[in-house]
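Novice: Here's a structure for you.
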Amino acid sequence: MVRELDLPRMSTVEELCAVVADRAGRPVVLTPRRMRVGEPSGFVERRAETDIIYFEQETSGLHQAHIICHELAHLLCDHLAEPPAAEEDAAQVTLDTIDPDMVRLVLGRSHYDGAAEEEAEILGAELTRALVLAPGDGTTSQLAPALEHRKGQHV
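In my numbering, the protein residues as written are 9 to 163.
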């Protein structure tokens, strides 16, 4: 699937998002936020006209790229339910308030279990490997310390 995306040789997270958006025919918006205790490090919300990827802002660039790639994998593998109708979309979510259906979706996947999570984790890792990250963000030796702050939480 990564080869099918036909990414430029030196791709960034933003270029990857653009390719996924083009393939899906809908924009992908990246939204950093401070995740609360018990929340996963990232999640994707499908709205009527756009997909929004929320990711932990208080972590390294490498960890952020990994989170985003995992959520992009959910989009590429079509793991998400259909978006709500446009009129429902406007009232559905703010940064601090999440629709109950979205809460159930996120809480249902706060652990890496199930075929969809495994598939997204594997594809997300392959997507991350395909990226060229900024200096200091691209070494795997930095991933463990980046995850350490989330120790004891579901990542």
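Quick reminder that beta carbons are idealized off the backbone N, C-alpha and C, glycines included.
Does the separation of the CB atoms of Leu-38 and Leu-135 fall below 8 Å?
Specialist: no
Novice: Could you work out which residue in Arg-31, Gly-69 and Asp-86 is closest to Glu-53 when comparing CA atoms only?
Specialist: Looking from the CA of Glu-53, the closest CA among Arg-31, Gly-69 and Asp-86 belongs to Asp-86.
Novice: Count the other C-beta atoms from every protein chain shown that fall within 10 angstroms of the C-beta of Glu-47, then say buried if there are 16 or more, exposed otherwise.
Specialist: buried
Novice: Between which two residues does the beta strand (DSSP E) harbouring Thr-136 extend?
Specialist: Thr-136 -> not in any beta strand (DSSP E); alpha helix (DSSP H) instead, spanning 122 to 138.
Novice: Can you check DSSP and say which residues form a bridge with Asp-59?
Specialist: Val-36 and Arg-54
Novice: Using DSSP bridges, identify the partner residues of Arg-44.
Specialist: Partner(s): none; Arg-44 has no beta bridge.
Novice: Tell me which residues share the same chain as Val-27 and place their Cβ nearer than 7 Å to its Cβ, disregarding the 5 neighbours each side in the sequence.
Specialist: Leu-13 and Leu-15
Novice: Can you round the beta-carbon distance between Glu-79 and Ile-61 to whole angstroms, since I take them to be within the 8 Å contact cut?
Specialist: Yes, Glu-79 and Ile-61 are in contact; Cβ-Cβ is about 4 Å, under 8 Å.
Novice: Give me the residue from Arg-11, Pro-35 and Arg-44 with the minimum Cα distance to Ala-56.
Specialist: Comparing Cα-Cα distances from Ala-56 to each of Arg-11, Pro-35 and Arg-44, the minimum goes to Pro-35.
Novice: Measure the alpha-carbon distance for Ala-29 versus Leu-84 and round it to whole angstroms.
Specialist: 10 Å
Novice: With distance defined between alpha-carbon atoms, name the residue in Thr-58, Phe-51 and Glu-66 nearest to Gly-132.
Specialist: Measuring C-alpha to C-alpha distances from Gly-132 to each of Thr-58, Phe-51 and Glu-66 identifies Phe-51 as the nearest.
Novice: What does the Cβ neighbour count give for Ile-75, buried or exposed, with the cut at 16 atoms within 10 Å?
Specialist: buried
Novice: Please return the same chain residues whose Cβ sits closer than 6 Å to the Cβ of Ala-123, not counting the five positions on each side in sequence.
Specialist: none
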